[in-house]
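Written out below as structure tokens is the structure these notes cover.
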DNA sequence: GGCTAAGGTGAACCGATACTCATGTTTATC
DNA sequence: GATAAACATGAGTATCGGTTCACCTTAGCC
């Protein structure tokens, strides 16, 4: 593979512009942002857009794949810091706050993805993030800071249900209510 | 007011059928269920549908108003039981489970309402529900079972973020994680 | 039973939006 | 700097869904 000759320079540039414009316009106009608007924002004709992404589902999928990759990298970095001796629970708490804010910023993109059934190429990143999250959970549990039955799925649930359509203050309050259910002190083991 | 003569019998019947069909079709086909599908399911022509509800927003608004009324009645009943001597925290817990399941059943309707900005005539019911919820909170706090800083808004946040797009088991787990943040034992007062 | 206003009908209208394709332009290679 | 393969263009197509309206039907009252 990789037999094909490299993309032409202008094609590379346009592809990047389209991805950026898609994220921008979806955030601005909502999940139903028209392809025409995305094309115009990218400074490109619709036909070009469709050359790079044959379908809107493909385009949105590519945008969430980028998002997921960023998230996964953040989780991995946190797990690495914990391996380096940092406090696991503190890392998790800070990470969760960051990830939730990040999800809120891209909430329209996620809505578009759900609406279209777009998974893009996000799957591998999801797995990497999940693995790293598992490391963090194990470390925090070893410290005795996390309730023993807490799993990666619980954190995905947290991520999936965070109030992304409200302000940061609401999310902080929400986490203040949610996180105790995950910690050892917050919820009795019984 | 109420000066107008009563609705014709067939009009009353059709109105009810339309509301029922709307709920059914939106649940079945998603938030974007076409008006034509709703009309057909109601056994009525589109024109009739538009006679009763001039706009899709009005129709969806009427459906969520019904939903909200049911919820509010449930909250008030619980508050009344607590006034009658029932345990406040237990009532709240059971209530929250019921309300969340109910919200899950009508999740597509709520999505449609959000999408259209339809508030319908739900406002008064929201207020009645809020007032009753306040009574429940006060009672539970008096029992020393609820964290002192918990408000009605916190419960609205819970309701707004419940994972309605997943199975009941996931919601049970989610509540298991969330509720400790509201109780006195679950979260340190410090 | 006949009258009339309230109610019902559904084909047609209209705007929006994802997607196509015939044609023109540019990059990269020799 | 000429050539061919990539790439870009954007007017046009197809479809879909909310809404309208001129005309028909029926309930309810005398």
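Residue numbers (our numbering), protein chains in the order written: chain S, 766 to 955; chain U, 766 to 955. Note that beta-carbon positions come from the ideal geometry of N, C-alpha and C, so glycine has one too.
DSSP places residue 772/S in no alpha helix (DSSP H); its state is neither H nor E. About 5 Å separates the beta carbon of residue 883/U from that of residue 822/U, a gap short enough to meet the 8 Å contact definition. Contact of residue 932/U with chain S by beta-carbon distance below 9 Å is absent, the smallest such distance being about 12 Å.
Going by C-alpha positions, residue 944/U is about 7 Å away from residue 946/S.
Not a single C-beta of chain U is nearer than 8 Å to the C-beta of residue 871/S. Distance from the CA atom of residue 925/S to the CA atom of residue 837/S, rounded to whole angstroms, is 15 Å. Cβ proximity to chain U below 8 Å picks out nothing from the region 882 to 910 of chain S.
Setting aside the 5 residues that flank it on each side, residue 891/U is surrounded in the same chain by 833 and 837, each with a C-beta closer than 8 Å to its C-beta; the list follows chain order. Close to residue 782/U, with beta-carbon spacing below 9 Å, lies no residue of chain S; the smallest spacing is near 29 Å. Unbroken alpha helix (DSSP H) runs of no fewer than 4 residues, entirely contained in the region 898 to 946 of chain S, are found at 917 to 926 and 933 to 943, following chain order. With three or more CB-CB distances shorter than 8 Å, the region 859 to 877 of chain U counts as touching the region 922 to 940 of chain U. Neighbourhood of residue 919/S in chain U, by CB distance below 8 Å: 938 and 942, in chain order. For residue 855/S, the closest Cβ of chain U is not nearer than 8 Å. Judged by DSSP in its simplified three-state form, residue 954/S adopts coil rather than helix or strand. Taking a 10 Å sphere around the C-beta of residue 786/U, we find 16 or more other C-beta atoms and assign the residue as buried. The DSSP-derived three-state label of residue 948/U is strand. Residues of chain S whose Cβ lies closer than 7 Å to the Cβ of residue 947/U are, in chain order, 942. Interface annotation, residue 922/U: in contact with chain S, CB-CB separation under 8 Å.
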